[in-house]
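And the structure:
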């Protein structure tokens, strides 16, 4: 009886360990399998909320819940959108936050009495009503300017009035950004710091609830594995090797 009880206990612990490994592997699965993002509109106030848990709002009166047709940002930090390829500005190089600075072209004439330029400024990325999952996704910003930036003028990118980068592109991590609406502002400044032109865009950040729940489950399973006796961990590793060889 003692032998049968021990074997039953070992099999149970091996099952826990295998579930732990499966859960760890699922953590690194592409987020493309995550729940879609939904837009929730309060009919009385007009307040907009973005979520990946629509069931929290569907039972509430006066809430309109609809699945978003837009895409979310990149899963990891990356360069800005390739839609900038048509721009003739040689200063539009990809950058991380606060790493790229616009420099004057060598052919620009440096004068103190230069003629003011009527810039056309636009935010190519992010698009309207773009939502990002925190903390896995980054906010990629891409700026278009016409004509090319003149000597001594600079482009500055802000998130909620805080400067995060200089240049025509930036990648802003969301790990320290609170869920909710946020404002992206791009400003062209003169040498004296005067704002020549500026544009803004609102983006939304939501907490990735699916990831949080998976992380919590994995943490519990890891704790159960760590509490196993050493000989059961050895048996579990041997079992894992047998499974790997049989595949």
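Residue numbers (our numbering): 1 to 247.
All C-beta atoms, glycine included, are put in the ideal place defined by N, C-alpha and C.
Give the range of the alpha helix (DSSP H) segment to which residue 244 is assigned. What you label residue 244 is simply residue 244 of the chain shown in a count that begins at 1. That run of the alpha helix (DSSP H) goes 230-246.
Short Cβ contact (7 angstroms threshold) for residue 138 with residue 171: For the purposes of this step, residue 138 is taken as the residue at position 138 of the chain shown. For the purposes of this step, residue 171 is taken as the residue at position 171 of the chain shown. Yes. Within cutoff.
Given residue 267, which residues of its chain have a CB within under 7 angstroms of its CB, disregarding the five upstream and five downstream residues? Because the chain is modelled from 1 through 247, residue 267 falls outside the range shown and cannot be assessed.
Assuming residue 52 is part of the beta strand (DSSP E), what are its boundary residues? Locating residue 52 in the chain shown gives position 52, where the first residue counts as 1. Per DSSP, residue 52 belongs to no beta strand (DSSP E) and is neither H nor E.
Which residue comes first and which comes last in the beta strand (DSSP E) that contains residue 138? Residue mapping note: residue 138 aligns to position 138 of the chain shown, counting from 1. Its beta strand (DSSP E) spans residues 138-146.
Between residue 125 and residue 141, what straight-line distance do the alpha-carbon atoms span, to the nearest angstrom? For the purposes of this step, residue 125 is identified with residue 125 of the chain shown, where counting begins at 1. For the purposes of this step, residue 141 is identified with residue 141 of the chain shown, where counting begins at 1. Taking the straight line joining both Cα atoms gives about 5 angstroms.
Residue span of the beta strand (DSSP E) that contains residue 200, given as start and end: Mapped onto the chain shown, residue 200 falls at position 200. For residue 200, the uninterrupted beta strand (DSSP E) run begins and ends at 195-207, by DSSP.
Starting from residue 188, follow its DSSP beta bridges and name the residues at the other end. Numbered from 1 along the chain shown, position 188 holds the residue referred to as residue 188. In DSSP, residue 188 forms a bridge with 155 and 197.
Just confirm the distance between the C-beta atoms of residue 62 and residue 44, as a whole number of angstroms; I'd bet it's less than 8 angstroms. By 1-based counting over the chain shown, the position of residue 62 is 62. By 1-based counting over the chain shown, the position of residue 44 is 44. Between residue 44 and residue 62 the Cβ distance is about 6 angstroms, and since that is below 8 angstroms, they are a contact.
Using the rule of at least 16 other Cβ atoms within 10 Å of the residue's Cβ for burial, across every protein chain shown, is residue 154 buried or exposed? Taking the chain shown and counting its residues from 1, the one referred to as residue 154 is at position 154. That one is buried.
Contact between the region 217-229 and the region 191-208: three or more CB pairs below 8 angstroms? no
Could you tell me which of 119, 157, 199 and 132 sits nearest to residue 180, measuring between CA atoms? Taking the first residue of the chain shown as 1, we reach residue 180 at position 180. Considering only 119, 157, 199 and 132, the residue with the shortest C-alpha distance to residue 180 is 132.
So, are the CB atoms of residue 186 and residue 117 less than 7 angstroms apart? Mapped onto the chain shown, residue 186 falls at position 186. Mapped onto the chain shown, residue 117 falls at position 117. The answer is no: Cβ separation not under 7 angstroms.
For residue 146, I'd like the list of residues in its chain whose CB is within less than 6 angstroms of its CB, leaving aside the five on either flank, ordered along the chain. In the chain shown, residue 146 corresponds to position 146, counting from 1. Excluding positions up to five away in sequence, the list reads 120.
Hey, residue 218 and residue 134 are a contact pair by Cβ (cut 8 angstroms); roughly how many whole angstroms apart? Stepping through the chain shown from its first residue, residue 218 is reached at position 218. Stepping through the chain shown from its first residue, residue 134 is reached at position 134. Rounded, the Cβ-Cβ distance is 19 angstroms, inconsistent with contact.
Span of the beta strand (DSSP E) around residue 120: For the purposes of this step, residue 120 is taken as residue 120 along the chain shown, with counting starting at 1. 120-125 is the extent of the beta strand (DSSP E) around residue 120.
Quick one: measure Cβ to Cβ for residue 156 and residue 184, integer angstroms, because I've assumed they're closer than 8 angstroms. What you label residue 156 is simply residue 156 of the chain shown in a count that begins at 1. What you label residue 184 is simply residue 184 of the chain shown in a count that begins at 1. Not really, about 12 angstroms apart at Cβ, beyond 8 angstroms.
Pair within 7 angstroms by beta-carbon distance, residue 152 and residue 182: Start at 1 with the first residue of the chain shown, and residue 152 comes out as number 152. Start at 1 with the first residue of the chain shown, and residue 182 comes out as number 182. Against a cut-off of 7 angstroms, the Cβ pair of residue 182 and residue 152 comes out as no contact.
Excluding the 5 residues flanking residue 41 on each side, which residues of the same chain have their C-beta closer than 6 angstroms to its C-beta? Stepping through the chain shown from its first residue, residue 41 is reached at position 41. Same-chain partners within the cutoff: 48 and 64.
With H, G and I counted as helix, E and B as strand and the rest as coil, what does DSSP make of residue 100? For the purposes of this step, residue 100 is taken as residue 100 along the chain shown, with counting starting at 1. The pLDDT assigned to residue 100 is 45, lower than 50, so where the model puts this residue is not dependable; a value taken from the coordinates is nonetheless given after this. Residue 100: coil per DSSP, three-state reduction.
Could you check if residue 232 is buried or exposed, using at least 16 other CB atoms within 10 Å of its CB as the buried criterion? The sequence position of residue 232 within the chain shown is 232, counting from 1. Residue environment: residue 232 is assigned as buried (16 or more neighbouring CB atoms within 10 Å of its CB, all protein chains considered).
Have a look at 148, 149, 168 and 177 and flag the residue whose alpha-carbon is nearest the alpha-carbon of residue 162. Residue numbering aside, residue 162 sits at position 162 when the chain shown is read from its first letter. Ranking the options by Cα distance to residue 162, first place goes to 177.
Along the chain, where does the beta strand (DSSP E) that runs through residue 161 open and close? Here the question's residue 161 lines up with position 161 in the chain shown. That residue, residue 161, is in no beta strand (DSSP E); it is neither H nor E in DSSP.
Residue range of the beta strand (DSSP E) that residue 65 falls in? Position 65 of the chain shown, counted from the start, is the residue given in the question as residue 65. Per DSSP, residue 65 belongs to the beta strand (DSSP E) from 63-67.
Note down the Cα distance separating residue 204 from residue 150, rounded to an integer number of angstroms. Taking the first residue of the chain shown as position 1, residue 204 is located at position 204. Taking the first residue of the chain shown as position 1, residue 150 is located at position 150. Roughly 33 angstroms separates the two Cα atoms.
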